[in-house]
Structure formats: structure tokens, C-alpha cells
Amino acid sequence: MTTNSFLHFLKLCPASSRTFPPLCLQQGTKRNRASAQTRRSCVCGTPGPAMAGRLRGHLSAATLLTLLSALLTCCVRCAHCAKPSNIVLIVADDQDVQLGGMTPMKKTKALIGDAGATFVNAFTVTPLCCPSRSSILTGWYPHNHGVRNNSLPGNCSSPLWQKGPEANAFPVYLNKHKYQTFFAGKYLNQYGKKEAGDVGHVPPGWDQWFALVGNSQYYNYTLSANGKEEKHGDSYETDYLTDLITNRSLRFLDDRSPQHPFFLMLCPPAPHSPWTAAPQYQKEFVDVKAPRDGSFDKPGKDKHWLLRQPVNPMPNSSITYLDNAYRKRWQTLLSVDDMVEMLVKKLESIKELNNTYIFYTSDNGYHTGQFSLPIDKRQLYEFDIRIPLMVRGPGIKPNQTLQAPVLHIDLAPTILDISGINVSSVNVDGQSFLSQMAPSLRNGTTRPFFLVEYSGEGNPTTDPACPRLGPGLSQCFPDCVCEDAYNNTYACVRTLNSKHNLQYCEFADTEVRHSSDHCRILVVCVCVCVCDSFSDDTTVSSLCLQSFVEVYNLTSDPHQLENILKKVDPSVLQVMNQRLIKLQSCVGDSCRDVK
Numbered sequence: 001m002t003t004n005s006f007l008h009f010l011k012l013c014p015a016s017s018r019t020f021p022p023l024c025l026q027q028g029t030k031r032n033r034a035s036a037q038t039r040r041s042c043v044c045g046t047p048g049p050a051m052a053g054r055l056r057g058h059l060s061a062a063t064l065l066t067l068l069s070a071l072l073t074c075c076v077r078c079a080h081c082a083k084p085s086n087i088v089l090i091v092a093d094d095q096d097v098q099l100g101g102m103t104p105m106k107k108t109k110a111l112i113g114d115a116g117a118t119f120v121n122a123f124t125v126t127p128l129c130c131p132s133r134s135s136i137l138t139g140w141y142p143h144n145h146g147v148r149n150n151s152l153p154g155n156c157s158s159p160l161w162q163k164g165p166e167a168n169a170f171p172v173y174l175n176k177h178k179y180q181t182f183f184a185g186k187y188l189n190q191y192g193k194k195e196a197g198d199v200g201h202v203p204p205g206w207d208q209w210f211a212l213v214g215n216s217q218y219y220n221y222t223l224s225a226n227g228k229e230e231k232h233g234d235s236y237e238t239d240y241l242t243d244l245i246t247n248r249s250l251r252f253l254d255d256r257s258p259q260h261p262f263f264l265m266l267c268p269p270a271p272h273s274p275w276t277a278a279p280q281y282q283k284e285f286v287d288v289k290a291p292r293d294g295s296f297d298k299p300g301k302d303k304h305w306l307l308r309q310p311v312n313p314m315p316n317s318s319i320t321y322l323d324n325a326y327r328k329r330w331q332t333l334l335s336v337d338d339m340v341e342m343l344v345k346k347l348e349s350i351k352e353l354n355n356t357y358i359f360y361t362s363d364n365g366y367h368t369g370q371f372s373l374p375i376d377k378r379q380l381y382e383f384d385i386r387i388p389l390m391v392r393g394p395g396i397k398p399n400q401t402l403q404a405p406v407l408h409i410d411l412a413p414t415i416l417d418i419s420g421i422n423v424s425s426v427n428v429d430g431q432s433f434l435s436q437m438a439p440s441l442r443n444g445t446t447r448p449f450f451l452v453e454y455s456g457e458g459n460p461t462t463d464p465a466c467p468r469l470g471p472g473l474s475q476c477f478p479d480c481v482c483e484d485a486y487n488n489t490y491a492c493v494r495t496l497n498s499k500h501n502l503q504y505c506e507f508a509d510t511e512v513r514h515s516s517d518h519c520r521i522l523v524v525c526v527c528v529c530v531c532d533s534f535s536d537d538t539t540v541s542s543l544c545l546q547s548f549v550e551v552y553n554l555t556s557d558p559h560q561l562e563n564i565l566k567k568v569d570p571s572v573l574q575v576m577n578q579r580l581i582k583l584q585s586c587v588g589d590s591c592r593d594v595k
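Number 549 in full-length UniProt numbering belongs to position 549 of the sequence shown; there are no gaps in the numbering.
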């Protein structure tokens, strides 16, 4: 056998048997540190130039035969060496990052963030539970998976969702790739309802399934336990949902097959309302109040009408209410912090920690008093669209702070990439960010801009408590402050790189601001109209289909206090408008290739 024949054999070594520990050890890798990084650098078919030269120049026929025998033995007997990495994904519910939402989670920051990478520019692509979680599961923008809001008519866990996007969610691919899969916690807001298949519907791809029926609760809820109804009461020891998720995940790890990798998706209710903390944490943070800086209790001047309708300044009753909510949210998160600690300890005890990627994130952000809106999400501003994201795992150096923007739709391709699945063969809008946190494992690029979109919800009838506002609103609080409306429907293109930090948003609303100095009105999907070309706003209204527009320069205005639409060059608006048009209709590759 010639040296070239031996090298050709190396190239034919199957991917499933690609690990070659003897060569790895000769390159100086300690046996007890054979991580995913090591395995990927020791692929059978990719000897480095120096090693190839040594093979050609110094190997005798006898040595080649010896190596060939060793290689065959390795490929047959060391299949366990090539086992893909395990993956854990923890998704909190409504946890902000902009207003201090990670502050109570000291263990999580130490065990995941400090041990790996923290993404300081992570975003949801839509700031609402069900559409956001649908994007996490599919890697698709909302305009592609079709989930508009938290209702069944809005496609949340609907039969249409189940037949289409759900059948193509990333756990399906993992399960086909021999991953043992486990889910526990909140799935989608309408999951388990009779109109959506009841508790008997277990989405494809899951081996173990313990999903909450409906929206977040801490006590007195129903689970689908592998397709069977399981009711829970109000006992802390047996029913507190965050702890139940933790305990069942630990049991799954004890019962798993060590021959195959595993994937866990844990979705605790915290810090979503009703903010019920575990008994031992109900007296924590008694002096904590919502942050008073930034846009707290600022008027929504020059913003969409929904942001201009809250009472400003807020009455004391609203401030007391939101302070209480803020404090209770932190209390509920302490149990999630315990979950992370117990999970890491369990992985360490079963000797899987060094071969496991752990992701921690939230479905969307949150606000407490910003622009005088009491509490909720759903808005286009930083406090609602920014999310926590930390990852630890093989090949990820500790204490990294990464600046490149990452989206929820990137989680699915990243997880598939880690599992060894060819991401280019999967239809996703997002892109893997494995190269950002572990550049030694992958090459990759970052996106220059991205899309955030939301479909507003409203009620067809007038809220009796707020007759002056009329129909079409929802999420209304005392003092007639409503957090959502049908025409709170918007799409934003966000530019975030070393040179620019801009946000450009269009509302599906023909509201016109009639003022003498308002001379630029953006026309959706058509052009930018400059009022100097016409005699007055009325003329513009008759000629142009208008969309209310908000533009922010977050470098100079990080709290988005000033809508700078009137100050931006029309040519810049036109470029941003064209980018937005392309992103709103993108599918798959075209979502990543917008110029």
C-alpha cells in the first residue's frame, strides 16, 4: 500500500467514525480533555499540511500497514468517541436584560456566562411569547411560520401550525439524528386546548414530553405527560412548576442511555405573571424598585399613537403596581437560578458537563414603566426586543463578551450545527452562531442588519372601562392605558455593526402627524415622499399611501427618546425602506443574503 493510497483511505473514513484518538494524543491533547474542539480538529479525512508531509516522507510500508490496522480498529471500536455533544436549552418567560432582569441570577451568570460566552446584542425577532417561541423552534421569522399572536386564530399551536411548521421544528431533526429528547415547561400559549388537539397531541421529535397546558402558571395547572393529562395543585413540594421541571430533567439524565447524545429544552414559567415565588424566596428584594433611569415615565413624544396615550406622569398607583411586579419577577427567578445550578452539578456528576452545550435565554424582553407603559412587552423598543443569551460548551472559551447581533431564529441552526447536521440542508431563516463563540470550530460571518416584526392584537368591542378609546385595543390597565392594538402592527429593520446602530420601523397605520415641520412621510413599499414637492400635508395624503414611521440612532440616543425621522436624509430612509421590504418577504437563504 502506497503513502498516497493510505491518504486516500483517510479521506474515505466515514464521518460517523471520524475521531482518531491516537493521532489526537500524539498532537499533545490530554485524554481527559478530549472535547468537541479536539474531535473536530482530528477528523480522519483532514490531516494538516505538516502531518501530510510527514506521512509522505517518512512512512514505510510496514508502518503504513500498522497505521491502517490501527485506523480500522479505531473506526470500528471507537464509535463512542464520535458521539455528538449534548445540548441543553433553557428558555425563561418574559425575562428582560435591559432593565436588570439578569441581576438576581448570580449562579447562572457564573456557571454559564463566566464559563462561556455572553451575547450582549441578542434579540427576539418578535416580542411576544407564542410567535417568539415558534421562531425558536423553527428558525423562521414570523412571516414564514405564520404565528401572529398568542391566540388560536393567530395560529398559536393551531392545527395549521401542527401540520406545517411544528413538523419541521429542529427537535425533529435531532431525534432523527439519534438524540434523546426531553421537554418540560411552557410550550406555546394555546398548547393542550381542545381545539388544538388536547393534551394527547405530542409534537414530533420528543421522546419525553411534560408540557404545560396554556399559559404560565406556578401552581394549579395541567401538564401533558407524554400525551396524558396530569393535574397539579398548590403544594410547593410536589407542584411548584419550576422545581418540577428541574426534578424531572434530573431524572431524565439519570435514566438516559449513555450511548446516545441528549437534548433538553426546559421552559420555566418565571418571571411571567402571576409572579408566584417559591416560599423561601418571597421575602427577597423587599427594597428593590423598577429602574427610574432611561425612558422610565417619559412621554412618548413623536411616537406611534399607542405610546402617546398613557397618562404622564404615571399616577402613584401605577408606579406602586409596577414596582411590586418588578420585585416579584426577581423573586421567581431565584428558583430558575437554582435550576441551572442543579443541572450543572448533575451533568458534572454523570461526567457529561464537558461534552454539553448549555444555552440560557428568554422568549422576549419586558418593560416596567418605560414611556409610562405599566408592564408588558410587544413594543419595538430595546427593553422589549433585547434578550439574555449565554452559552457554555466544548470549544467555547470562558469569559467571552460577544458584540455581534444574534437572533432567536439563529438558535435552531446553531443547535443543529452542534449536533453535526448539515445546516445547509435544513430550511431556516437564521444562521449558526457557533463560529462566533467557538471560532476554532467553525468559520462564519455576522449579519449587518435584521428584521423585527409584530402583529398587534385588539378586541372588536370597546373596553367598558375605557370608552373614549373605542374598539380595537387590548391589554388595558387602569387609567385607560392600553399596551396593544390592532394597528400596533409594525416591522423594523435594525442595523447594528461597528459603524451604525440604527432602527427604522414602519407601522401598518395611516396615522399622519399634521405639523408644519413634518415634511417627510414614508410610503410603504413604494417610495419616500418629500413634502417640499407638494403644497401641504393634505396633498401628500391624497397621493401617497402612508405608514407611520419611527427612526432611532441608538448610538446617540440609546433609550430611543427622540424619533429622528424628520432629521434623516431621504436617501437613507429609502435604503432602509428597501431593506425592510426585502426582509419582510425573505425565505431561507434570502433572509441571510439581503444586501
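Heads up, the beta-carbon is just placed ideally off N, CA and C, and yes, glycines get one too.
Comparing C-alpha positions only, which one of Asn354, Glu453 and Ile112 sits nearest to Ile409? If you number the sequence shown from 1, residue 409 lands on position 409. Of Asn354, Glu453 and Ile112, the residue nearest in Cα terms is Glu453.
Going by Cα to Cα distance, which pick from Asn488, Leu250 and Tyr219 is closest to Ser235? Stepping through the sequence shown from its first residue, residue 235 is reached at position 235. Nearest of Asn488, Leu250 and Tyr219 to Ser235, Cα basis: Tyr219.
Report the CB separation of Leu307 from Gly369 in whole angstroms; it is logged as a contact under 8 Å. As a working mapping, residue 307 is identified with position 307 in the sequence shown. As a working mapping, residue 369 is identified with position 369 in the sequence shown. Actually they do not touch by this definition, with Cβ atoms about 13 Å apart.
Taking just the CA atoms, how far does Lys283 sit from residue 648? Lying outside 1 to 595, the shown extent of the chain, residue 648 is not represented and no answer is given.
Quick one, which of Phe296, Leu253, Tyr504 and Thr242 has its alpha-carbon nearest residue 602's? Shown here, the chain extends from 1 to 595; a query on residue 602 therefore has no answer.
Please report the Cβ distance between Val199 and Gly192, rounded to the nearest whole angstrom; I am assuming they are in contact, meaning their Cβ atoms lie under 8 Å. Within the sequence shown, the letter at position 199 stands for residue 199. Within the sequence shown, the letter at position 192 stands for residue 192. Indeed they touch by this definition, with Cβ atoms about 5 Å apart.
From which residue to which residue does the alpha helix (DSSP H) around Thr246 run? For the purposes of this step, residue 246 is identified with residue 246 of the sequence shown, where counting begins at 1. That run of the alpha helix (DSSP H) goes Leu241 to Asp255.
Distance CB(Pro374)-CB(Phe477) smaller than 8 Å: Mapped onto the sequence shown, residue 374 falls at position 374. Mapped onto the sequence shown, residue 477 falls at position 477. Going by C-beta atoms, Pro374 is nearer than 8 Å to Phe477.
Determine the burial state of Glu483: buried for a count of at least 16 other Cβ atoms within 10 Å of its Cβ, exposed for fewer. Position 483 of the sequence shown, counted from the start, is the residue given in the question as residue 483. So Glu483 counts as buried.
Cβ-based burial, Arg316 [other Cβ within 10 Å; buried from 16]: The sequence position of residue 316 within the sequence shown is 316, counting from 1. According to the sequence displayed, residue 316 carries Asn and not Arg. Looking at its Cβ environment, which holds fewer than 16 other Cβ atoms inside 10 Å, Asn316 is exposed.
Verify whether the separation of the beta carbon atoms of Phe123 and His304 is less than 8 Å. Numbered from 1 along the sequence shown, position 123 holds the residue referred to as residue 123. Numbered from 1 along the sequence shown, position 304 holds the residue referred to as residue 304. Result no, Cβ atoms of Phe123 and His304 do not sit closer than 8 Å.
Is the beta carbon of Asp96 closer than 8 Å to that of Pro398? Position 398 of the sequence shown, counted from the first residue, corresponds to residue 398. Position 96 of the sequence shown, counted from the first residue, corresponds to residue 96. Cβ distance not < 8 Å, so Pro398 and Asp96 don't count as in contact.
Since Cys505 is in the beta strand (DSSP E), which residue starts that stretch and which ends it? For the purposes of this step, residue 505 is taken as the residue at position 505 of the sequence shown. That run of the beta strand (DSSP E) goes Asn501 to Phe507.
Is it buried or exposed, Thr332, if we count other Cβ atoms within 10 angstroms and call 16 or more buried? The residue given as residue 332 occupies position 332 in the sequence shown. It counts as buried.
With DSSP run on the structure shown, which of helix, strand or coil describes Thr495? The residue labelled residue 495 in the question sits at position 495 within the sequence shown. The answer is strand: DSSP assigns Thr495 an E or B state.
Looking only at its own chain, which residues have a Cβ that is under 6 Å from the Cβ of Ala36, when we skip the five neighbours before and after it? If you number the sequence shown from 1, residue 36 lands on position 36. Low per-residue confidence applies at Ala36: pLDDT is 37, beneath 50, and the placement is therefore not dependable, though the value from the model is reported in the following sentence. Same-chain partners within the cutoff: Ser85, Pro394 and Gly395.
At the level of alpha carbons, what is the spacing between Leu244 and Glu237? For this step, residue 244 is matched to residue 244 along the sequence shown. For this step, residue 237 is matched to residue 237 along the sequence shown. Going from the Cα of Leu244 to the Cα of Glu237 covers about 9 Å.
What residues are listed by DSSP as bridge partners for Asn553? Taking the sequence shown and counting its residues from 1, the one referred to as residue 553 is at position 553. Note: Asn553 sits in a beta bridge opposite Leu502.
Among residues of its own chain, excluding the 5 on either side of His367, which ones have a beta-carbon nearer than 8 Å to its beta-carbon? The count along the sequence shown starts at 1 and reaches residue 367 at position 367. Result list for His367: Asp96, Leu99, Leu373, Ile375, Asp376, Lys377, Gln379, Tyr381, Phe383 and Asp384, in chain order.
From Leu411 to Pro313, what distance separates their C-alpha atoms? Stepping through the sequence shown from its first residue, residue 411 is reached at position 411. Stepping through the sequence shown from its first residue, residue 313 is reached at position 313. Each residue's Cα considered, the two are about 40 Å apart.
So within the stretch 391-433, which uninterrupted alpha helix (DSSP H) runs reach at least 4 residues, ignoring any that extend past its ends? 411-419
Using DSSP bridges, identify the partner residues of Tyr191. Here residue 191 is taken as the residue at index 191 of the sequence shown, counted from 1. Partner(s): none; Tyr191 has no beta bridge.
Through-space distance from Gln309 to Val406, alpha-carbon basis: As a working note, residue 406 is residue 406 in the sequence shown. As a working note, residue 309 is residue 309 in the sequence shown. Answer to the nearest angstrom: the Cα atoms are 33 Å apart.
Please list the terminal residues of the continuous alpha helix (DSSP H) segment that includes Ala325. Counting from 1 along the sequence shown, the entry for residue 325 is found at position 325. Where Ala325 is concerned, the enclosing alpha helix (DSSP H) starts and stops at Asn316 to Ser349.
Only counting runs of 4 or more residues, tell me where the alpha helix (DSSP H) segments fall wholly within the stretch 212-240, in order along the chain. 236-239
Would you say the stretch 267-278 touches the stretch 335-342, given that touching needs at least three Cβ pairs under 8 Å? yes
With the cut-off set at 8 Å, would you say Asn553 and Leu502 are in Cβ contact? Start at 1 with the first residue of the sequence shown, and residue 553 comes out as number 553. Start at 1 with the first residue of the sequence shown, and residue 502 comes out as number 502. In contact: Asn553 and Leu502 (Cβ atoms closer than 8 Å).
Could you pull the start and end residues of the alpha helix (DSSP H) that Asp589 belongs to? Counting from one through the sequence shown, the residue named residue 589 turns up at place 589. The continuous alpha helix (DSSP H) containing Asp589 extends over residues Asp589 to Arg592.
Residue ranges of each beta strand (DSSP E) run of no fewer than 3 residues wholly in the stretch 103-152, ordered along the chain? 117-119
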